[in-house]
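Asks: What follows is a single structure, and I will ask about it in a moment.
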Amino acid sequence: MAKSVSEKKVRNHIPNDLIFYILVKLSLKSLKRFGCVCKTWALLFENPHFRRNFISIPHSYDTSLLLYEVEESHDYSRSFYSLSGARYENRVKLDFPNQFQEENPFIDFYGCDTITGTIFLTQGNTLVLWNPATHEFKTIPPSPVESLPPYREVSIGLHGFGYDHIKEDFKIIRYIQFTSISSGRLERLHVRYEDVSWNEISYQPEWEIYSLRCNSWKKLDVNMPKRCNIGQFEPSYINGMSHWWSESDNRDEHLLVSFDLNNEMFFTTSIPIDIPLDIDTNFYLGFVCRRLVVLNRFIASISWYLLDTTTFHISILGELGVKESWTKLFVVGPLPYMERLIGAGQNGDIFFQKKDGKLVCFSLSTQKAEELGVRGAHFYDIAIYKKSLLNVGGINHYN
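If you count by UniProt numbering, then the sequence shown holds residues 1 to 399, one letter each, in order.
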């Protein structure tokens, strides 16, 4: 029997809810391309409901948030916690034997790839890999430049880290700068100034990369922009690439530097100024601060102006090397009660520390801030963590 016209229409019609469900799961690059299909699709990011759902696709069930907390006590004791649940209501304190020699309780820590379950910890030039699930630690050996500085001072800046999926290797990227040694240091080394061949000493900066598989450092033959020291430095890692933000040589443009951990090549992407220029009658790019984070599947820039630290502008990148692929999603604030931006968590959540020390989660999907019930502390940091039983110290023993 021939099908009726109404039946054919039903077959050819895709419900708007289903279209929305499909589009919200696409990459930003694909959405930009599909904008030519119809006007509605071209204007998707003008729809607040779409923006909130696009950035809030949940992580896998076994992903949690690691919270680092330094309590404001006489000894500034530090603790690590695993937070899970829809509103991070499940809190478990982790066993963390101190791997650092210094008494300083402040360390930096970063989440890594979901395959390895590795947390990267740093304090000064001491670097440690930690798997909370297996309770294993791996202390990274010092670089040769740290132990053999030929009469020059060494300054080391962490720039990137992450997991090379192709070679199954964990890597760390650092930038090394040299300055002339002080006369006082020479005296302590019992070396006379005239006994040193100063014209043979190089002060050229170097890049170096560490391989866990080889358990060694090597010099990188690249000329990459170094990280910017304005705002908050937080190297970001996603899909085999490490990212940091920098600025152009004449300091009139911000750049995203993306380093491929497999082929050891880098890309730069210009970052547009997403802060209104009329925020200050004497607007100065040097006052624009940024924090790079991973918001679900995307590299995101959270920016603010030094003269207005209560309002945050959030943009995500669609395609490396394409400035026009940055898409501004949200303006958060003003939040006058916030003291410090901490970072991004799961499902489009941004974390802040209030002026009273309490931890606050701001949901980009609901546009609401909520205290997490964590008592006030001196300092917080966070990282997304997915449990893995991979042996951290055994990565470099693979065939």
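Even glycine gets a Cβ: it sits at the ideal position worked out from N, Cα and C.
(1) What did DSSP end up calling THR40 once you bin it into helix, strand or coil?
(2) Return yes when the Cβ of GLU200 is within less than 8 Å of the Cβ of CYS228, no when it is not.
(3) Looking at the structure shown, is SER388 part of a helix, part of a strand, or coil, going by DSSP?
(4) So, does the stretch 39-49 touch the stretch 344-361, judging by three or more C-beta pairs under 8 Å?
(5) Find out if the Cβ-Cβ distance for the pair LYS323, SER236 is shorter than 8 Å.
(6) I need the DSSP call for LEU31, collapsed to helix, strand or coil.
(7) Decide yes or no for the touch test of the stretch 170-188 against the stretch 201-210: beta carbon pairs closer than 8 Å, at least 3 of them.
(8) Is GLY85 buried or exposed, if buried means 16 or more other CB atoms sit within 10 Å of its CB?
(9) Would you mind stating whether VAL332 and PHE312 have Cβ atoms separated by less than 8 Å?
(10) Between the alpha carbons of ARG192 and LEU186, how many angstroms are there, rounded?
(11) Using 8 Å as the threshold, is the C-beta distance between TYR380 and LEU67 below it?
(12) For the beta strand (DSSP E) containing LEU220, name the first residue and the last one.
(13) According to DSSP, simplified to helix, strand and coil, what is ASN16?
(14) Using the C-alpha atoms, what's the distance from ILE316 back to ALA300?
(15) Which complete alpha helix (DSSP H) runs does the stretch 141-217 hold, if anything under 4 residues is left out?
(16) Would the stretch 257-275 count as touching the stretch 212-219 if we require 3 or more Cβ pairs under 8 Å?
(17) Could you tell me which residues DSSP puts in a beta bridge with THR268?
(18) Express the C-alpha separation of SER365 and PRO132 in angstroms, rounding to a whole number.
(19) Using a beta-carbon distance below 8 Å, is VAL392 in contact with chain C?
(20) Residues in the same chain with beta-carbon distance under 6 Å from GLY321, minus the five sequence neighbours each way, listed in chain order, please.
(21) Of all the options VAL145, ASP164, ARG291 and TYR163, which has the alpha carbon lying nearest to the alpha carbon of SER155?
(22) Does the distance from the C-beta atom of GLU69 to that of SER82 stay below 8 Å?
(23) With ASP308 as the anchor, note down where its beta strand (DSSP E) starts and where it stops.
(24) Pick helix, strand or coil for HIS378, following the three-state DSSP scheme.
(25) Between which two residues does the beta strand (DSSP E) containing ASP108 stretch?
(26) Please classify TYR385 as buried or exposed, where buried requires at least 16 neighbouring CB atoms within 10 angstroms.
(27) Alpha carbon to alpha carbon, what distance is there between GLU89 and GLY373?
(28) Going by DSSP, what residues sit across from CYS289 in a beta bridge?
(29) Could you check where the beta strand (DSSP E) with GLN123 kicks off and where it finishes?
(30) Helix, strand or coil for ASP278, going by three-state DSSP, please let me know.
(31) Quick one: grab the DSSP three-state call for LYS368.
(32) Do residue 463 and LEU158 have their CB atoms nearer than 8 Å?
(33) Buried or exposed: which applies to LYS93, given that a residue is buried once 16 or more other Cβ atoms fall within 10 Å of its Cβ?
(34) For TRP326 and ILE314, I'd like the C-alpha separation in whole angstroms.
(35) From the DSSP output, in three-state form, read off ALA383 for me.
(36) Taking the C-alpha atoms as reference points, what is the distance between ASN391 and GLY117?
Replies: The short version:
(1) Reading the sequence shown from its first residue, position 40 is the one you call residue 40. In the structure shown, THR40 sits in a helix (DSSP, three-state: H, G or I).
(2) By one-based count along the sequence shown, residue 228 stands at place 228. By one-based count along the sequence shown, residue 200 stands at place 200. No, the pair does not count as a contact, with Cβ atoms beyond the cut-off.
(3) Here residue 388 refers to the residue found at position 388 when the sequence shown is read from its first residue. Correct three-state label for SER388: coil.
(4) no
(5) Position 323 of the sequence shown, counting from 1, holds the residue named residue 323. Position 236 of the sequence shown, counting from 1, holds the residue named residue 236. Result no, Cβ atoms of LYS323 and SER236 do not sit closer than 8 Å.
(6) Residue mapping note: residue 31 aligns to position 31 of the sequence shown, counting from 1. The answer is helix: DSSP assigns LEU31 an H, G or I state.
(7) Three or more Cβ pairs drawn from the stretch 170-188 and the stretch 201-210 lie within less than 8 Å of each other, which places the two stretches in contact.
(8) Residue numbering aside, residue 85 sits at position 85 when the sequence shown is read from its first letter. By the 10 Å Cβ count, GLY85 comes out exposed.
(9) Indexing the sequence shown from 1 puts residue 332 at position 332. Indexing the sequence shown from 1 puts residue 312 at position 312. Taking 8 Å as the Cβ cut-off, VAL332 and PHE312 qualify as a contacting pair.
(10) Counted from its first residue, the sequence shown places residue 192 at position 192. Counted from its first residue, the sequence shown places residue 186 at position 186. Approximately 7 Å between the Cα atoms of the pair.
(11) What you label residue 380 is simply residue 380 of the sequence shown in a count that begins at 1. What you label residue 67 is simply residue 67 of the sequence shown in a count that begins at 1. Yes.
(12) Residue 220 sits at position 220 when you count from the first residue of the sequence shown. That run of the beta strand (DSSP E) goes 216-220.
(13) In the sequence shown, residue 16 corresponds to position 16, counting from 1. Here ASN16 sits in helix by DSSP.
(14) As a position in the sequence shown, residue 300 is number 300, starting the count at 1. As a position in the sequence shown, residue 316 is number 316, starting the count at 1. Spanning the two alpha carbons is a distance of roughly 4 Å.
(15) 144-147 and 183-188
(16) Taking 8 Å as the limit for Cβ pairs, the verdict is that the stretch 212-219 does not touch the stretch 257-275.
(17) As a first step, residue 268 is located in the sequence shown; it is residue number 268 there, counting from the start. Answer is VAL257, bridged to THR268.
(18) As a working mapping, residue 132 is identified with position 132 in the sequence shown. As a working mapping, residue 365 is identified with position 365 in the sequence shown. If I take the Cα positions, the gap works out to 30 Å.
(19) Here there is only one protein chain, and chain C is not present.
(20) Taking the first residue of the sequence shown as position 1, residue 321 is located at position 321. PHE267 and THR269.
(21) Locating residue 155 in the sequence shown gives position 155, counting from the first residue. Selected option, being the one with the closest Cα: VAL145.
(22) Sequence index remark: in the sequence shown, residue 69 carries index 69 (1-based). Sequence index remark: in the sequence shown, residue 82 carries index 82 (1-based). No.
(23) Position 308 of the sequence shown, counting from 1, holds the residue named residue 308. Note, ASP308: beta strand (DSSP E), 308-317.
(24) For the purposes of this step, residue 378 is taken as the residue at position 378 of the sequence shown. It is coil, neither helix nor strand.
(25) Position 108 of the sequence shown, counting from 1, holds the residue named residue 108. ASP108 -> beta strand (DSSP E) spans 108-111.
(26) Translated into the one-based positions of the sequence shown, residue 385 becomes position 385. Buried, by the Cβ-count rule.
(27) As a working mapping, residue 373 is identified with position 373 in the sequence shown. As a working mapping, residue 89 is identified with position 89 in the sequence shown. The straight-line gap from Cα to Cα measures roughly 8 Å.
(28) On the sequence shown, residue 289 is found 289 positions in, with the first residue counted as 1. DSSP output for CYS289 lists TRP304 as bridge partner(s).
(29) Position 123 of the sequence shown, counted from the first residue, corresponds to residue 123. 119-123 is the extent of the beta strand (DSSP E) around GLN123.
(30) Indexing the sequence shown from 1 puts residue 278 at position 278. ASP278 falls in the helix class under three-state DSSP.
(31) For the purposes of this step, residue 368 is identified with residue 368 of the sequence shown, where counting begins at 1. Strand.
(32) This structure cannot speak to residue 463, because the chain is shown only from 1 to 399.
(33) On the sequence shown, position 93 is the one that residue 93 refers to. Answer is exposed; the Cβ neighbour count stays below 16.
(34) Here residue 326 is taken as the residue at index 326 of the sequence shown, counted from 1. Here residue 314 is taken as the residue at index 314 of the sequence shown, counted from 1. The alpha-carbon atoms of TRP326 and ILE314 are separated by roughly 10 Å.
(35) Along the sequence shown, read from residue 1 onward, the residue named residue 383 stands at position 383. Strand at ALA383.
(36) Here residue 391 refers to the residue found at position 391 of the sequence shown. Here residue 117 refers to the residue found at position 117 of the sequence shown. The alpha-carbon atoms of ASN391 and GLY117 are separated by roughly 9 Å.
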